[in-house]
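Heads up: the structure comes next, in structure tokens.
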Amino acid sequence: MRCGWALGLAVIVAGPVGAQSLLDRPPNLTGGWVAGSGTLQFNFVHRFERSDPPERKISNTPSFLMAIGLPMRTMVGFTYATNSALSPRYPNEWEFLARMAVFSELEGAPLDLSVQAGYNLSAEGFDAEVSVAKVLGPVRLMAAGRSLADPFASGRELGAAGGIAFRLSRFLAIGGDLATVFDRPAGRLEEAAWSAGLHVAIPNTPHTLSLHATNANTATLQGMSRGGSDTRFGFEFTVPVTLARYFGSRRAGPDSAAPAAQAQPAGDARVVRATMKNLAFIPRRLEIVAGTTVAWKNDDPLDHTVIAVDKSFDSGLIRSGATWHRTFTRPGTYEITCTPHPFMKVTVVVKPAP
Ligand SMILES: [Cu+2]
């Protein structure tokens, strides 16, 4: 199949679970997700391929991503794949990467824009990607442009990718993508890369699971851009580990990229909307005037609470998808946390009404 100029249309599922959720992206696109600040992210991709008869040998291709979320919506880490076919005689593929979500729809930008740069030891060169994503109802659309080191020569290759994911429910999404490099040298066996998957959020956990089919091999930028002639079946499992809970909780502090939300201008509707997402209150600091109602929506696939540290109020369990309101009538500073996740913190500063 020759897909010379095929340029994917990228779409993935919009959703409550957040950027590192597999419900927000198809199997071979990152969607520009970054781990939350202070979160160690471990993603495990495992793919299987069966050889022709009579052997029918099953070959496994695992890719492990280990990354740490930093402030400013930045993440650094590596992907390691043990059965890479990217470069002859180099089955252990390492990619060291840094990714930044420059603009985020969650924080008011019209779309998500992310950049990634890294070095692939197997291709012996630098790879980079710029990706955009846009949520349209239950759909998240995504497109990416890539500049890749050529693992067979000293040149560079430009590529593009796109995908679609569609949110069927809070716990279920389907997604697919297409990626290719342009001007592939004649005689190269590789094809456009494709994937299709069913993605599940495991209820009451921060984990998501992808069950998918693809002709791509490893989960590096290189691996996701190059398809083969065989279809592989596999899964991905995501494990965010919130390190912030093991360090002084105060240090989790306001995310410098997330300005404190301001109270609505005076009027009847003094309601400030906030969310609980990716095991964090967003925003982490609210400044309001007395009489303002804060509406916290639980956008995670698990239950949270909104409880004052001094126990002066307690929402009780707020189910996934539910919203809880509280009107703050007395000026003061309220330190708030979540009972099952005490590392979640939000500060509400209530100023006297003018
Ligand atoms: Cu919680």
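Numbering (the numbering used here), first residue to last: 2 to 355. Here a beta-carbon is modelled for each residue, glycine too, at the ideal position from N, C-alpha and C.
Residue environment, residue i, which counts as buried when at least 16 other CB atoms sit within 10 Å
i: Ser211; result: buried
i: Pro377; result: Residue 377 lies beyond the residue range present for the chain, which begins at 2 and ends at 355; the question has no answer from this structure.
i: Gly19; result: At Gly19 the pLDDT is 46, less than 50, meaning the model places this residue with poor confidence; the figure from the coordinates comes in the next sentence. When all chains shown are included, Gly19 counts as buried.
i: Leu190; result: exposed
i: Val310; result: exposed
i: His326; result: exposed
i: Trp297; result: buried
i: Ala36; result: buried
i: Leu66; result: buried
i: Gly156; result: exposed
i: Arg57; result: exposed
i: Ser170; result: exposed
i: Thr221; result: buried
i: Glu130; result: buried
i: Ala154; result: exposed
i: Glu336; result: exposed
i: Phe127; result: exposed
i: Ile59; result: exposed
i: Phe282; result: buried
i: Ala102; result: buried
i: Ser132; result: buried
i: His342; result: buried
i: Ser226; result: buried
Residue i, enclosing alpha helix (DSSP H) - first and last residue
i: Met225; result: Leu222 to Ser226
Segment limits, beta strand (DSSP E) that includes residue i
i: Thr340; result: Segment: none, Thr340 is in no beta strand (DSSP E) and carries neither H nor E.
i: Ser200; result: The sequence given here has His at residue 200, not Ser. Segment Ala194 to Ala202, the beta strand (DSSP E) holding His200.
i: His47; result: Thr40 to Arg51
i: His326; result: Thr324 to Phe329
i: Phe104; result: Glu94 to Phe104
i: Ala82; result: Thr75 to Ala82
i: Val273; result: Val272 to Lys278
i: Glu56; result: Segment: none, Glu56 is in no beta strand (DSSP E) and carries neither H nor E.
i: Lys298; result: Thr293 to Asn299
i: Ile289; result: Arg286 to Val290
i: Asp311; result: Unbroken run through Asp311: none, as it is neither H nor E.
i: Asp178; result: Leu173 to Val182
i: Ala281; result: Ala281 to Ile283
i: His208; result: From DSSP, His208 is part of no beta strand (DSSP E); its letter is neither H nor E.
In chain order, which continuous runs of the alpha helix (DSSP H) of length 4 or greater are located wholly inside the stretch 120-165? Segments of the alpha helix (DSSP H) lying fully in the stretch 120-165: there are none.
Three or more C-beta pairs under 8 Å: does that hold for the stretch 116-123 against the stretch 79-94? Output reads yes: the stretch 79-94 touches the stretch 116-123.
Chain-ordered residues, beta carbon under 6 Å from a heavy atom of ligand 1: Cβ-based neighbours of ligand 1 within the cut-off: His305, Cys339, Pro341, His342 and Met345.
Given 8 Å, three or more beta-carbon pairs between the stretch 223-239 and the stretch 137-144: Contact check between the stretch 223-239 and the stretch 137-144: fewer than three CB pairs, one atom from each, fall below 8 Å, which does not count as touching.
Tell me whether the stretch 187-204 and the stretch 35-51 touch, counting them as touching only if at least three CB pairs, one residue from each stretch, are closer than 8 Å. No contact exists between the stretch 187-204 and the stretch 35-51.
Assess, as a yes-or-no matter, whether the stretch 287-307 is touched by the stretch 326-341 under the definition of 3 or more beta carbon pairs within less than 8 Å. Under the three-pair Cβ rule at 8 Å, the stretch 326-341 counts as touching the stretch 287-307.
Does the count of Cβ pairs from the stretch 155-174 and the stretch 196-208 closer than 8 Å reach three? By the Cβ rule, the stretch 155-174 counts as touching the stretch 196-208, because three or more pairs are nearer than 8 Å.
If we count Cβ pairs, one from each stretch, closer than 8 Å, do we get three or more for the stretch 176-185 versus the stretch 210-229? With a cut-off of 8 Å, the stretch 210-229 and the stretch 176-185 count as touching, because enough Cβ pairs lie within range.
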